[in-house]
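Take a look at the structure set out below.
Numbering (this note's numbering), first residue to last: -12 to 145.
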């Protein structure tokens, strides 16, 4: 599942194959262990395989992770914890017991998988739009060059 080469090789492979780069930065905390467990889920792996992603795993304290964080600050996939305290209210009248909200793990997993699929689709759309803009620009430059070559000065009366 995890790319075995360097970060540079992963980025080059991503560009060469026009696929999405998925980066997981792991730490020694419970959230990282939970995220890693989720990423190793059969359904998540299937989604990543079907979408031909390059998956890179970095240690949070490594220099490589720090460097990658600098170049990808705008493209981070964030995991959001779905927790509410006992003090949370959801449209309930005063003097009623307060709602305690718990979301089943399966629901959280499905939502996270859905967000990954959406991100992959958005990245592919962005790459496709960029490709088509480049193709349109090439075509316009070619037409302009052809038009400039075909311009013939008008004949003057003698």
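Virtual Cβ for every residue (Gly too), placed ideally from N, Cα, C. Nothing here was measured: the structure is a model prediction, and the numbers come from that model.
Within 8 Å, strictly: CB atoms of residue i and residue j
i	j	result
residue 48	residue -11	no
residue 5	residue 131	no
residue 9	residue 55	no
residue 7	residue 107	yes
Residue i versus residue j: straight-line alpha-carbon distance, rounded
i	j	result
residue 20	residue 14	8 Å
residue 126	residue 16	52 Å
residue 37	residue 27	15 Å
residue 105	residue 129	36 Å
residue 101	residue 23	17 Å
residue -1	residue 98	30 Å
residue 119	residue 111	12 Å
residue 122	residue 42	29 Å
Burial state of residue i (16 or more Cβ within 10 Å)
i	result
residue 35	buried
residue 124	exposed
residue 40	buried
residue 52	buried
residue 85	Interpretation of residue 85 is limited by its pLDDT of 40, a score under 50 that renders its predicted location unreliable; the figure taken from the coordinates is listed afterwards. Exposed: under 16 other Cβ atoms inside 10 Å.
residue -3	buried
residue 134	exposed
Beta bridge counterpart(s) of residue i as assigned by DSSP
i	result
residue 146	Residue 146 lies beyond the range of the chain shown here (-12 to 145); nothing can be said about it.
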